[in-house]
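*Asks:*
Residue numbers (my numbering): 522 to 855.
1. Is there contact between the stretch 788 to 808 and the stretch 724 to 741, where contact requires at least three CB pairs shorter than 8 Å?
2. So, is residue 676 buried or exposed, given that buried needs 16 or more other C-beta atoms within 10 angstroms?
3. Tell me which residues share the same chain as residue 744 and place their Cβ nearer than 7 Å to its Cβ, disregarding the 5 neighbours each side in the sequence.
4. Cα separation between residue 835 and residue 534?
5. From residue 724 to residue 762, what distance separates their C-alpha atoms?
6. Starting from the N-terminal side, write out each stretch of the beta strand (DSSP E) that is 3 residues or longer and does not extend beyond the stretch 766 to 814.
7. Would residue 726 and residue 714 be called neighbours here (beta carbons separated by less than 9 Å)?
8. On the DSSP letters alone, give me the boundaries of the beta strand (DSSP E) that residue 698 sits inside.
9. Put residue 821 into one of helix, strand or coil per three-state DSSP.
10. Excluding the 5 residues preceding and the 5 following residue 671 in the sequence, name in chain order all residues of the same chain whose CB lies nearer than 7 Å to its CB.
11. Ignoring anything shorter than 3 residues, give me the beta strand (DSSP E) runs that lie fully in the stretch 701 to 760, in order along the chain.
12. Evaluate residue 768 with the Cβ neighbour count: other Cβ atoms within 10 Å of its Cβ, from every protein chain shown; 16 or more gives buried, anything less gives exposed.
13. Assuming residue 550 and residue 528 are in contact, meaning their beta carbons sit under 8 Å apart, how far apart are those beta carbons, in whole angstroms?
14. Do residue 826 and residue 820 have their beta-carbon atoms positioned less than 9 Å apart in this structure?
15. Taking a contact to mean a Cβ-Cβ separation below 9 Å, would you say residue 642 touches residue 578 in this structure?
16. Determine contact between the stretch 795 to 811 and the stretch 741 to 756, defined as no fewer than three beta-carbon pairs at a distance below 8 Å.
17. How many Å lie between residue 705 and residue 645 at the Cα?
18. How long is the line joining the alpha carbons of residue 601 and residue 718, rounded to whole angstroms?
19. Please give me, in chain order, every unbroken run of the alpha helix (DSSP H) with length at least 4 that falls completely inside the stretch 570 to 632.
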């Protein structure tokens with residue numbers, strides 16, 4: 522059995538759906554909070570619940586007793602930990618939500634994995650950990666000690682916590698640094714969703730840094746493919762690892778880090794143009810400065826992922842945006 526936390530969320534939904542399609546028994550965990558429209562989360566759960574191999578636990582990660590009971594009662598062989606308080610900008614105004622979900626919650630998951638002797642824990646990190654780094658493309662071997670948001674700091678903390686449990690208890694852990702994930706069923710607070718909704722309604726869109734931002738937009742199916750392949754390859758100690766010259770992406774413990782990104786940076790202005798082309802309608806742009814917590818450019822080096830799995834994300838942004846808009850029009854009957 523595979524436990525997927527955050528199963529009612531955007532990426533968690535897609536991962537659970539793929540695992541069910543592959544024939545696995547999946548237990549999903551989510552608190553279905555009101556950070557964004559719970560109706561969207563409930564509709565994702567309806568899709569998953571159509572499978573007899575899916576079991577859902579409406580539970581909060583911060584509830585230690587409940588999380589411990591799930592691990593004790595169901596003994597998952599693998600865990601995909603995707604539940605978290607998301608959103609870089611929201612972390613600036615509501616930091617406590619991030620420590621509760623992303624730090625305390627992750628500790629409870631790690632303890633559950635130790636208790637159940639889980640064969641592999643794969644968890645979501647984020648490209649935001651690169652913070653003030655400017656060397657492109659971002660590599661898992663770069664120093665990531667200068668985050669620019671609390672959200673990023675919690676994701677870096679997750680990587681450190683996972684390494685500790687891998688070292689102390691031999692739990693294979695793999696952290697995946699996701700780069701700007703988009704696609705059908707995405708969160709309403711994400712740029713593609715916000716822009717599509719506003720353009721269709723004839724309302725202005727907020728364009729930060731006047732559009733002079735680059736993002737490695739990664740289609741959700743590519744994220745899922747990379748994750749599933751990694752899940753099947755439990756992290757193992759790197760026999761060549763040296764404390765004198767430490768490799769930050771591996772360890773003498775069963776610990777790994779990978780980037781999952783589309784290997785290219787698309788400027789925000791071009792991203793908006795593609796949405797306009799798909800909708801057949803121009804955007805009204807409200808040009809704004811760079812927001813606190815944002816990084817101006819992201820671009821992933823996925824060579825380690827490709828070497829170890831034979832896979833590299835490659836869905837063109839034009840194809841991914843078109844698929845999202847088709848889903849949006851169908852779901853909202855626009």
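Using N, Cα and C, we set each Cβ at its ideal position, and we do this for glycine too.
*Replies:* Looking at the atomic coordinates:
1. Segment contact: the stretch 788 to 808 against the stretch 724 to 741, three or more CB-CB distances shorter than 8 Å; contact assigned.
2. Position 155 of the chain shown, counting from 1, holds the residue named residue 676. Buried: at least 16 other Cβ atoms inside 10 Å.
3. Numbered from its first residue, the chain shown carries residue 744 at position 223. Closer than 7 Å at the Cβ level, and outside the excluded window around residue 744, lie 532, 699, 702, 781.
4. The residue labelled residue 835 in the question sits at position 314 within the chain shown. The residue labelled residue 534 in the question sits at position 13 within the chain shown. Cα-Cα distance, rounded: 21 Å.
5. By 1-based counting over the chain shown, the position of residue 724 is 203. By 1-based counting over the chain shown, the position of residue 762 is 241. Spanning the two alpha carbons is a distance of roughly 54 Å.
6. For the stretch 766 to 814, whole beta strand (DSSP E) runs of length 3 or above, ordered along the chain, are 776 to 781, 805 to 809.
7. Counting from one through the chain shown, the residue named residue 726 turns up at place 205. Counting from one through the chain shown, the residue named residue 714 turns up at place 193. With respect to the 9 Å criterion, residue 726 and residue 714 are not classified as neighbours on the basis of their beta carbons.
8. As a working mapping, residue 698 is identified with position 177 in the chain shown. Residues 694 to 699.
9. By one-based count along the chain shown, residue 821 stands at place 300. Reduced to three states, the DSSP call for residue 821 is strand.
10. Taking the first residue of the chain shown as position 1, residue 671 is located at position 150. Closer than 7 Å at the Cβ level, and outside the excluded window around residue 671, lie 612, 616, 619.
11. Unbroken beta strand (DSSP E) stretches of 3 residues or longer found wholly inside the stretch 701 to 760: 725 to 729, given in chain order.
12. In the chain shown, residue 768 corresponds to position 247, counting from 1. Under this definition residue 768 is an exposed residue.
13. Locating residue 550 in the chain shown gives position 29, where the first residue counts as 1. Locating residue 528 in the chain shown gives position 7, where the first residue counts as 1. The C-beta distance from residue 550 to residue 528 rounds to 6 Å, short enough to fall under 8 Å.
14. Here residue 820 refers to the residue found at position 299 when the chain shown is read from its first residue. Here residue 826 refers to the residue found at position 305 when the chain shown is read from its first residue. Note that the C-beta distance between residue 820 and residue 826 is not below 9 Å.
15. One-based indexing of the chain shown puts residue 642 at position 121. One-based indexing of the chain shown puts residue 578 at position 57. Taking 9 Å as the Cβ cut-off, residue 642 and residue 578 do not qualify as a contacting pair.
16. Flag = no, the stretch 795 to 811 and the stretch 741 to 756 do not touch.
17. Position 184 of the chain shown, counted from the start, is the residue given in the question as residue 705. Position 124 of the chain shown, counted from the start, is the residue given in the question as residue 645. Whole-angstrom Cα-Cα distance: 19 Å.
18. As a first step, residue 601 must be located in the chain shown, where it is residue number 80. As a first step, residue 718 must be located in the chain shown, where it is residue number 197. Computed Cα separation, rounded: 31 Å.
19. Entirely contained in the stretch 570 to 632, the alpha helix (DSSP H) runs reaching 4 residues are, in chain order, 585 to 595, 611 to 614.
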